[in-house]
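Taking it in order: structure first as structure tokens, then the write-up.
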Amino acid sequence: KTGFRNRVGLMVDTSNATELHASRAVGTIYQLMHADRASRFDAPPPPSALLRQAMQEGLVPLTADAATKSRRELFVGNTPANTTERGLADHLNAALRAAGFCTAPGAPVISCRVSAAYAFVELRSVQETDNCLSLTGLPFLGGALKIGRPTKYDGPRTVASSWARVAQTIDAASLDAATRSQLQVGGADLGAAAAQASREVLIDNVPAGTTEASLRAFLGLALRQAGGAAAAGEPLASLHLSGRHAFVGARSDAEALALLACAGICYRGTRLRVKRPSKYAGTDPPAAGRAWADVVADFARGASVEAAHDPALGAAPPAAPVAPDV
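Counting in the UniProt record's numbering, the sequence shown runs without a single skipped number right up to 326 at its last residue.
Written out as structure tokens, the structure is:
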């Protein structure tokens, strides 16, 4: 009787089997004899295991589907020339983790396409996409990213913050080493961000249709005319609009205080409310309570106010400058 003994000591008879049955029997025995090879990592894990691992690491979206794709895409502008897709995705992922904006373990950014000075990113969930809008202004390789919706987006409007505000809420000491390292590699130093808190100003009641460029030009002109600019040049380092709000970063602490004195200034028929962000924990001097009406009153009674640094403007006028886009 023909046959052979397999690895577990059972006799396998192939004398009366067809060629097909014999082939199947030998194949089964071969699998039994080499079943332990996978445990020694000689063979790749099954596809299901790879998929499960990829989902846990965020390489495959957990909830991404075609129906929500348009709501999970963002435009990233002002990307430096040396931006890589992997570098940008890693930096955004680290910032999202640091801010507590992730809704699940792993990497929220699942796709990144870089083109010239901008990029498009796709995130795995709608909530994380909405959260990512609040990273606008995130430092990256010497620049500051501008994050927004693509022009084709026609979904719900999202009220977002900015990296300058978000960074004030992050406890750098509680972050894991990998996240801190990735942020530092990209140029987002949380220590430096915390130091910027004293230069942040919030402006409410911004008229509809206002552009960032026009509001920035208007406020900069007002500061220079009122003698609030600490040096020649642009006194505002950043300005980000979000609905009827504007988050402004002044060039210096002194210019931030001067900007607070623009409270009540009339812009396009609306009086702006200028104040510190709600999360500001510092203490401003009593002079920070002044408003634009006080500035105008000083000029009206001939009070001594530092002249504007821009020679072309001459002495500061006793009234608000005209909004550039009126």
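A virtual CB, placed ideally from N, CA and C, is assigned to each residue, including glycine.
Just so it is clear, the structure is predicted and the values come from calculations on it, not from any experiment.
Original post:
Could you give the distance in angstroms between the alpha-carbon of residue 83 and the alpha-carbon of residue 89?
Top reply: Computed Cα separation, rounded: 10 Å.
Subject >> Identified DSSP bridge partners for residue 242 >> reply: Partner residues in the beta bridge of residue 242, as assigned by DSSP, are 245.
**OP:** Work out the CA separation of residue 285 and residue 119 for me, nearest whole Å.
**Re:** Cα to Cα, residue 119 sits roughly 43 Å from residue 285.
Original post:
Got a sec? Which residues, its chain only, sit under 7 Å from residue 216 by beta carbon, not counting five neighbours each side?
Top reply: Here residue 216 has 236, 239 as same chain residues with Cβ atoms under 7 Å from its own Cβ, once five neighbours each way along the sequence are excluded.
Original post:
Between which two residues does the alpha helix (DSSP H) harbouring residue 222 extend?
Top reply: Counted as a single uninterrupted DSSP element, the alpha helix (DSSP H) harbouring residue 222 occupies residues 212 to 225.
Original post:
Roughly how far, in whole angstroms, is the beta-carbon of residue 94 from the beta-carbon of residue 183, given that I think they are within contact range, below 8 Å?
Top reply: Beta-carbon to beta-carbon, residue 94 and residue 183 are separated by about 5 Å, close enough to satisfy the 8 Å threshold.
Original post:
When you compare each of 224, 251, 234 to residue 262 by their alpha carbons, which one comes out closest?
Top reply: Closest option to residue 262, Cα to Cα, is 224.
**OP:** Tell me where the beta strand (DSSP E) around residue 120 begins and ends.
**Re:** In the DSSP assignment, residue 120 falls within the unbroken beta strand (DSSP E) covering 118 to 123.
Original post:
Going by Cα to Cα distance, which pick from 197, 79, 274 is closest to residue 167?
Top reply: Answer by Cα proximity: 197.
**OP:** Measure from the C-beta of residue 291 to each C-beta in chain E and report whether the shortest distance is under 8 Å.
**Re:** As a matter of chain content, chain E is missing from the structure shown, which is built from one protein chain.
Original post:
Taking residue 144 as the reference, which of 79, 234, 300, 75 has the closest Cα?
Top reply: Answer by Cα proximity: 79.
Original post:
With burial defined as no fewer than 16 other Cβ atoms inside 10 Å of the residue's Cβ, what is the status of residue 241: buried or exposed?
Top reply: With 16 or more other Cβ atoms inside 10 Å of its own Cβ, residue 241 counts as buried.
**OP:** May I ask you to verify whether the region 198 to 205 touches the region 258 to 273, counting CB pairs closer than 8 Å and requiring at least 3?
**Re:** Flag = yes, the region 198 to 205 and the region 258 to 273 touch.
**OP:** Given a cut-off of 8 Å, decide if residue 98 and residue 170 are closer than it, judged by their beta-carbon atoms.
**Re:** Yes, the pair counts as a contact, with Cβ atoms nearer than the cut-off.
Original post:
Of the choices 277, 227, 87, 159, whose alpha-carbon is the least far from that of residue 255?
Top reply: Answer by Cα proximity: 227.
Original post:
Between residue 96 and residue 121, is the Cβ-Cβ spacing less than 8 Å?
Top reply: Their beta carbons are not under 8 Å apart, which means residue 96 does not touch residue 121 by this criterion.
Original post:
According to DSSP, which residues form a beta bridge with residue 74?
Top reply: According to DSSP, residue 74 bridges with 121.
**OP:** Can you have a look at residue 76 and say buried or exposed, based on whether 16 or more other CB atoms are within 10 angstroms of its CB?
**Re:** The residue is buried, with at least 16 neighbouring Cβ atoms inside 10 Å.
Subject >> Burial state of residue 112 (16 or more Cβ within 10 Å) >> reply: Answer is buried; the Cβ neighbour count reaches 16.
Original post:
Is residue 108 closer than 8 Å to residue 128 when the C-beta atoms are compared?
Top reply: Cβ atoms of residue 128 and residue 108: closer than 8 Å.
Subject >> Same chain, Cβ closer than 7 Å to residue 71, neighbours up to 5 away in sequence not counted >> reply: Taken in chain order, the residues that qualify are 126, 129, 155.
Original post:
Which residue from 115, 124, 114 puts its Cα closest to that of residue 105?
Top reply: Closest by alpha carbon: 124.
Original post:
With distances taken from CA atoms, which of 179, 246, 151, 299 is nearest residue 208?
Top reply: Checked all of 179, 246, 151, 299; the closest Cα to residue 208 is 246.
Original post:
What is the DSSP secondary structure of residue 275, counted as helix, strand or coil?
Top reply: Note: residue 275 maps to strand in three-state DSSP.
Original post:
Exposed or buried, what is residue 139 when buried is set at 16 or more other beta-carbons lying within 10 Å of its beta-carbon?
Top reply: Flag for residue 139 reads buried.
Original post:
Thinking C-beta only, is residue 158 closer than 8 Å to residue 133?
Top reply: Cβ atoms of residue 133 and residue 158: closer than 8 Å.
**OP:** Pick helix, strand or coil for residue 175, following the three-state DSSP scheme.
**Re:** Look at residue 175 here: in three-state DSSP terms it is coil, with no helix or strand label.
Original post:
Going by C-alpha distance, which of 131, 110, 114 is nearest residue 103?
Top reply: Relative to the Cα of residue 103, the nearest Cα in the group 131, 110, 114 belongs to 131.
Original post:
Which runs of the beta strand (DSSP E) spanning at least 3 residues fall entirely within the region 125 to 199, listed in chain order?
Top reply: Secondary structure in the region 125 to 199: the beta strand (DSSP E) runs of 3 residues or longer, each lying completely within the stretch, are 146 to 148 in chain order.
Original post:
Over what stretch of residues does the alpha helix (DSSP H) that includes residue 206 continue unbroken?
Top reply: Going by DSSP, residue 206 is part of no alpha helix (DSSP H) at all; its letter is neither H nor E.
**OP:** May I ask you to report which of helix, strand or coil DSSP gives residue 99?
**Re:** In the three-state reduction of the DSSP assignment, residue 99 falls in the coil class.
Subject >> Host alpha helix (DSSP H) of residue 294 (start-end) >> reply: Per DSSP, the continuous alpha helix (DSSP H) segment holding residue 294 begins and ends at 292 to 300.
Subject >> Continuous alpha helix (DSSP H) stretch holding residue 255: start and end >> reply: Start and end: 253 to 260.
Subject >> Continuous beta strand (DSSP E) stretch holding residue 110: start and end >> reply: Here the beta strand (DSSP E) through residue 110 covers 109 to 115.
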